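Residue numbers (UniProt numbering): 1 to 241.
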């Protein structure tokens, strides 16, 4: 069976309205050029439609007309590349999901280390943010926590005391390996993030390894966050005021 027929058969098996890429069709990189031509012919015939570069979907016909892939399905085509996560949603949209704000963003922010991702497609709109570290499936939620610590004073209608409580609760849910990863990721963030994370971790459990956070901070620098000692007793050890 030639490649074009194989692609057609693979697409016939796929559910309508679900976005897919080259790797989802089992196409090897050496066949991408040939596959692109086959997919272009299928687009012209109306069998598939393009979502973004290298991503397509089978249109779903309903009594109300044609449906595009749902919001999350479309979004995932930008968050993943070759089957691997390269980006994550951050900013107000993420902080809303975390319960740190009730505000809803007009457009989302997408953080990635390897590319700048802008989207303007119907209801799906996003601006690009540079991630502090390479994004993976195992660390993107931790990066979100660190982003929230970084922006804690700027979160719309956010209450710093409540934000600390919510973020402390999220951090408590991480296992030992995740906490170690969280500390290592914090090392590439601004000093106030290291200080805040150190204070929270020390308050949770004095046995958590946080020495490398302290080592990366200037002992003479004070970090103005607006937290009171009764809200986070360990701030005095991290020069947080």
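Glycine included, every Cβ here is placed at the ideal spot set by N, Cα and C. Just so you know, these numbers come straight off a predicted model, no measurement behind them.
- For residue 83, the CB contacts under 6 Å within the same chain, skipping 5 residues up- and downstream, are 23 in chain order.
- Residues of the same chain with a CB within less than 7 Å of the CB of residue 105, apart from the 5 flanking positions on each side, are 91, 92, 93 in chain order.
- Here residue 86 is not near residue 51, since their CB atoms are 8 Å or more apart.
- Only residues of its own chain outside the window of five on either side were considered, and among them 195, 198, 199 have a CB closer than 6 Å to the CB of residue 238, listed in chain order.
- Taking C-beta atoms under 8 Å as the contact rule, residue 102 and residue 147 fail to qualify, at a distance of about 18 Å.
- Of 187, 109, 107, the smallest CA-CA separation from residue 133 is found for 187.
- Here residue 163 is near residue 152, since their CB atoms are less than 8 Å apart.
- In the same chain as residue 229, and ignoring 5 residues on each side of it, the C-beta atoms closer than 7 Å to its own belong to 235, 236, in chain order.
- The three-state secondary structure of residue 217, taken from DSSP, is coil.
- Secondary structure at residue 118: coil, using DSSP grouped into helix, strand and coil.
- Where residue 168 is concerned, the enclosing alpha helix (DSSP H) starts and stops at 160–172.
- Residue 77: member of the alpha helix (DSSP H) spanning 71–79, first to last residue.
- Here residue 57 is not near residue 80, since their CB atoms are 8 Å or more apart.
- Between the stretch 109–121 and the stretch 172–185, the count of Cβ pairs shorter than 8 Å is below three; the stretches do not touch.
- Residue 209 counts as exposed, since fewer than 16 other C-beta atoms from the protein chains shown sit within 10 angstroms of its C-beta.
- Inclusion of residue 142 and residue 182 in the CB contact set at 8 Å is warranted, their separation being smaller than that value.
- Leaving aside the five residues that flank residue 55 on each side, the residues in its chain whose CB is nearer than 8 Å to its CB run, in chain order, 19, 20, 21, 77.
- Residue pairing of residue 109 in beta bridges, as defined by DSSP: 90, 127.
- Spatial neighbours of residue 204 in its own chain (CB-CB distance under 8 Å, excluding positions within 5 residues in sequence) are listed in chain order as 168, 171, 172.
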